[in-house]
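Numbering follows the numbering used here, with no gaps: position 49 of the sequence shown is 470. Ideal Cβ placement from N, Cα and C applies to all residues, glycine included. All values reported here derive from a predicted model rather than from experimental measurement.
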Amino acid sequence: MTSKLSIPIKYGLLITAGVMAWVLVSHQVVTNTQSLVHTLIGPIFFNLLQFSMIYLGLKAKEREYGDKQDFKKNLKTGVAISFVYGLTAALFFVGVVAAVGTRWMPNPPGTIARPTTIVLAQAFAGLFIGSLVLGLIYSTVISFFLAKRPGESVD
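Dropping the structure here:
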């Protein structure tokens, strides 16, 4: 039972560690939250990291079981990795908001000011749900290529 959980936890936490490192370093180096580093490169980095960790997690599962997994098992593992990532990243950002407040949150010029609690709730929900939806998409694509086909034998 523990081996089934260890891959999603390990790779989900690796994604979160990468996100944490990116956020902490990028906000120390580039303080303007409207910079392309935060608005364009950050999301690209997060998505590439999530995609690659799901791939690596599914390959690790193949090695652990000694055989290719079917599509459904790969999909479940990929979504589990994304769940761990979404949950732990949201918890990290709760800590960030508690430590530095909302000054690291981008506020595009010309937007209407909204209550902070609404903004935070939307940000955390968007992070968690977005990681699950994108994780489902990434897992589907990766699983399609990695899954065992009917009649495929082990070499």
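Contact check, residue i vs residue j, beta carbons under 7 angstroms
i	j	result
L479	G439	no
I539	Y432	no
A511	F466	no
S560	L496	yes
D410	A568	What is shown of the chain runs 422 to 576, which leaves residue 410 out entirely.
L435	M474	yes
Buried or exposed (CB count within 10 angstroms, at least 16 for buried), residue i
i	result
S427	exposed
F514	buried
L445	exposed
I550	exposed
V505	buried
L548	buried
K482	buried
P429	buried
F565	exposed
CB-CB length for residue i against residue j, believed under 8 angstroms
i	j	result
S552	G499	The pair is not a contact, with the Cβ atoms about 11 angstroms apart (cut-off 8 angstroms).
T509	T437	4 angstroms
V518	L541	6 angstroms
Y476	I563	5 angstroms
M526	T454	7 angstroms
key: Length at least 4, wholly inside the segment 426 to 509: the alpha helix (DSSP H) runs in chain order   = Fully enclosed alpha helix (DSSP H) runs of 4 or longer: 463 to 486.
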